[in-house]
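Residues -16 to 452 in our numbering are what the sequence shown lists, from first letter to last.
Presented below is the structure to which this report refers.
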Amino acid sequence: MSQRTAAELGFRTLTEERTGTSLPVTGTVPAWLSGTLIRNGPGRFDAGGGVNHWFDGLAMLRRYAFDDGEVEYTNRFLRTEAYKRAEAGESTRQFATGASGLSELRRWVRALGPPEPTDNANVHLARIGDRFVAQTEVPRWIEFDPHTLETVGEFTFDDGVSTQMATAHFVVDDHHGESIGYGLSFGRQTEYHVYRVPHGSDRREDIGRVTAEGPGYVHSVAVTPNHVVLLEPPLHIDVLRGLSPWTEGFAGMLSYDADAGTRIVVLDRTTGEIVADPTADPFFVFHHVNAFERDGEVVLDLVAFEDAGIVDALALDELRSGGFADSPDGHLVRYRVDPRTGETDHERRSPGGIELPTVPPAVRTRPYRYAYGQATDRSGANGLVKVDVEAGTATEWWEEGVYVEEPRMVQHPDGDAEDEGVVLAPALDTDARRTYLLVFDAETLTLRARARVPHAVPFGFHGRFFSGL
């Protein structure tokens, strides 16, 4: 029953917006925890007569501010062109939901690439210079006020680089003082543009370019101190299929080639030179966990899926009928690449299913021991998992009827151990029919506090914790 209830609540439109609501707390939020967790994800699914995929709901930001043991909550939709179209009952042209027919064909021909991009920035967020920006996978990002969540306006890089797709997953590397991203440009020679954005700047600096072979649907990249790694899976973007008047949405352009492999492109982070370009047996990946260098090898920890079936499994019809229990599980897999020889090997580093993995900023791009994520391989709940990537073991927290979303580990400012701190994770409680912000001890996964949100928040995607905000 909880699977069906979770689907009803987690993929149901929420129209209520709250500003500065103090949340009742059961347990104790540590007084040292000071800062703000801001999350992004869909909040409305009835836009323009309804959307077809989880990825297509209208962007709604959620803000959890922590101060001296208290938690304050704000949620607000981005006021975008997509939002205005939805209010007018028009199609918003999303990942899997879009107009088809000759009108879309004309847009394709004019753009020489994907359809007119949406500004529904519902995937992730970043601090770029002194601006806070909601991100999606096309280069129409939206600036917002980090305190009120009010929409400021569209954000674009003013550097003359034109891309039709973009990663919404910046790798924030505080050790180098920069964030790493990429964009994809369609043309006679389709290319991935890998770039950096120095902290405090709002301009991109080119690292290097990679000629696409698929091109593949690349959701995120991995970064080490000396390399950027771009995995091109065999989930290909078929531009010619996009020209068909019967193709609907970007998802209709995707096709999985089970006979092709997954390309692992390793770039020198300074020169942009491709230092390794091996092909592994096929797998699909949305999210990287972390990456680092050891003994001359590039080590990649990621969530691997056997194929791209997860993309179709996240269609709303599938989720509302079977819930997450019918979605394939990803597994934490470690790939090693030797740039000197191009050889690769891999091994599974966690026994259970995992998605939405995170590590704290202090260990990002460095050798590390612990990763946190959503545990996914049990019916009637989603749990929290802490993986010891060196030992290959895991500790899990589960509660029947509770669906944990992406966790964020916040280290104690005066702590010595890597896992000294707390883990913050929103969770939908199907019995209470509302969302709670859960606070766990990061070492033991003991639940320390529950902050009660006044409504059931639709399942979101990603967020970041900003200390001092």
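Yeah, the Cβ is synthetic: ideal placement off N, Cα and C, and Gly gets one too.
Boundaries of the beta strand (DSSP E) harbouring Y419: 417 to 424, taken from the DSSP string.
Per DSSP, reduced to three states, the secondary structure at D50 is strand. Taking C-alpha positions only, E289 is separated from F266 by approximately 5 Å.
For E64, the enclosing alpha helix (DSSP H) begins and ends at 64 to 70. Rounded to whole angstroms, the gap between the alpha carbons of N209 and E383 is 44 Å. The region 356 to 443 contains no complete alpha helix (DSSP H) run of 4 or more residues. Rounded to the nearest whole angstrom, the C-alpha separation of E120 and A274 is 22 Å. Between the region 137 to 145 and the region 33 to 44, the count of C-beta pairs closer than 8 Å stays below three; the two stretches do not touch. As computed with DSSP, N58 is found in a beta bridge with R45.
Distances from the alpha-carbon of V8 to those of R68, G446, L420, G451 put L420 closest. Per DSSP, the continuous beta strand (DSSP E) segment holding D251 begins and ends at 245 to 251. Restricting attention to A415, D284, Y355, A42, the CA atom closest to the CA of T348 is found in D284. In the three-state reduction of the DSSP assignment, P25 falls in the strand class, which pools E and B.
Going by beta carbons, R59 and L41 fall outside the 7 Å limit. Look at the region 109 to 190 and you find these whole runs of beta strand (DSSP E), each 3 residues long or longer: 114 to 118, 124 to 127, 134 to 138, 154 to 156, 161 to 168, 174 to 181. When secondary structure is reduced to three states using DSSP, F(-6) falls in the coil class, being assigned neither helix nor strand.
The beta-bridge partner set that DSSP reports for F448 consists of L20. The bridge partners DSSP lists for A298 are H36. The Cβ atoms of A377 and S333 lie closer than 7 Å to each other. Between A69 and G31, the C-beta gap is smaller than 7 Å, which places the two residues in contact. For D328, the pairing in a beta bridge is given by DSSP as R319. V249 places its beta carbon less than 7 Å from that of V281. The region 14 to 23 makes no contact with the region -4 to 4; the number of CB pairs closer than 8 Å stays below 3. V206 sits close to D156, with the two beta carbons spaced by under 7 Å. The straight-line gap separating the alpha-carbon atoms of V272 and Q394 is approximately 17 Å. If you check the CB distance, T327 and P261 come in under 7 Å. In this structure, P409 keeps its C-beta atom at 7 Å or more from the C-beta atom of Y355. Rounded to the nearest whole angstrom, the C-alpha separation of I125 and N103 is 8 Å. Assignment of D260 by DSSP, reduced to helix, strand and coil, places it in the coil class. The DSSP-derived three-state label of R192 is strand. Per the C-alpha coordinates, the member of W380, V286, F444, D221 positioned closest to G26 is F444. Cβ-Cβ distances below 7 Å link V106 to N23, Q118, T119, E120, A151, F444, H445 in the same chain, with the five nearest sequence neighbours on each side left out; the list follows chain order. V294 and V268 do not touch by the CB rule: their CB atoms are close to 12 Å apart, not below 8 Å. When the alpha-carbon of G199 is set against those of R187, G166, P181, the nearest one is in G166.
Here L302 has A(-10), F(-6), W37 as same chain residues with Cβ atoms under 7 Å from its own Cβ, once five neighbours each way along the sequence are excluded. Restricting attention to Y386, P100, H314, the CA atom closest to the CA of R331 is found in H314.
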